[in-house]
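Data block below; observations after.
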Amino acid sequence: MKKWRGVEDCNRELDSLPNDRRIRILVCHHTWRPAVRDWYGDRSAQGILDYWIRTKPRNWTHDAGAHFIVAPDGEIYLPRPLSAWLNSSSNTDANRYGIAVECVGNFDKGHDTLGPNQAHAVIGLFAGLCVTFGLGVDAIHYHCDYSRDKTCPGSAFMPRSAFRERVRLAIPWANGIIR
Ligand SMILES: [Zn+2]
Numbered sequence: 002m003k004k005w006r007g008v009e010d011c012n013r014e015l016d017s018l019p020n021d022r023r024i025r026i027l028v029c030h031h032t033w034r035p036a037v038r039d040w041y042g043d044r045s046a047q048g049i050l051d052y053w054i055r056t057k058p059r060n061w062t063h064d065a066g067a068h069f070i071v072a073p074d075g076e077i078y079l080p081r082p083l084s085a086w087l088n089s090s091s092n093t094d095a096n097r098y099g100i101a102v103e104c105v106g107n108f109d110k111g112h113d114t115l116g117p118n119q120a121h122a123v124i125g126l127f128a129g130l131c132v133t134f135g136l137g138v139d140a141i142h143y144h145c146d147y148s149r150d151k152t153c154p155g156s157a158f159m160p161r162s163a164f165r166e167r168v169r170l171a172i173p174w175a176n177g178i179i180r
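Here it is in structure tokens:
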């Protein structure tokens, strides 16, 4: 599985990753399980991908999962190709035109908190995706925007408006890396 040590290296490669889909939606998730304390790097990333493959319902026409996994230490994995239309939320447009990003951890109230390395990586990655695909921060959604019964990316993850604002502030930085 492709992995970058940090978001700077990842962002530099975003526009060279094979992709033939039109991208207009970016969706943020948390893994819930594994939580931060259950994270063991490459082994855990592979475990997540294996779980998606193993538990995919037979009647799903698209694979389960997400395109990126952002680890607690700020490493970023690419478990699925960007070109893959994934069943990652219950919204067809979000799946068809979307890129899904999993933040490792359980960010529901009383559990994990987003540390500085992971925050830098996930905000930087969304900024890099906005620059690469020519999107504004209003393209950023949370999984719970599409599924009322979900809290994903967690009830204690920062509010979506704050997340979009932090990404907006990071876009000039991402532009400097990508262009
Ligand atoms: Zn989710």
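Numbered continuously in this note's numbering, the sequence shown closes out at residue 180. We put the CB at the ideal spot given by N, CA and C, even for glycine.
Check: Any non-hydrogen atom of ligand 1 closer than 7 Å to Lys151 Cβ; Outcome: yes
Check: Reference Pro173; option with closest CA among Tyr143, Gly66, His142 and Leu130; Outcome: Leu130
Check: Member of Arg25, Ile178, Asp10 and Asn176 whose CA lies at the smallest distance from the CA of Gly99; Outcome: Arg25
Check: Completely contained beta strand (DSSP E) runs for the region 110-179, where each covers 3 or more residues; Outcome: 141-143
Check: Distance between beta carbons of Lys57 and Ala67, contact taken as under 8 Å; Outcome: Not really, about 13 Å apart at Cβ, beyond 8 Å.
Check: Counterpart residues of Asn88 in DSSP-defined beta bridges; Outcome: Ala65
Check: When Asp10, Asn20, Ala36 and Asp94 are compared against Ala85, the one with the closest alpha-carbon; Outcome: Asn20
Check: Opposing strand residues paired with Ala101 [DSSP bridges]; Outcome: Val28
Check: Ligand 1 heavy atom lying under 7 Å from the CB of His68; Outcome: no
Check: Reduced DSSP category for Leu15 - H, G, I as helix; E, B as strand; rest coil; Outcome: helix
Check: Alpha-carbon to alpha-carbon, Asn12 and Arg167; Outcome: 17 Å
Check: Cβ-based burial, Thr114 [other Cβ within 10 Å; buried from 16]; Outcome: exposed
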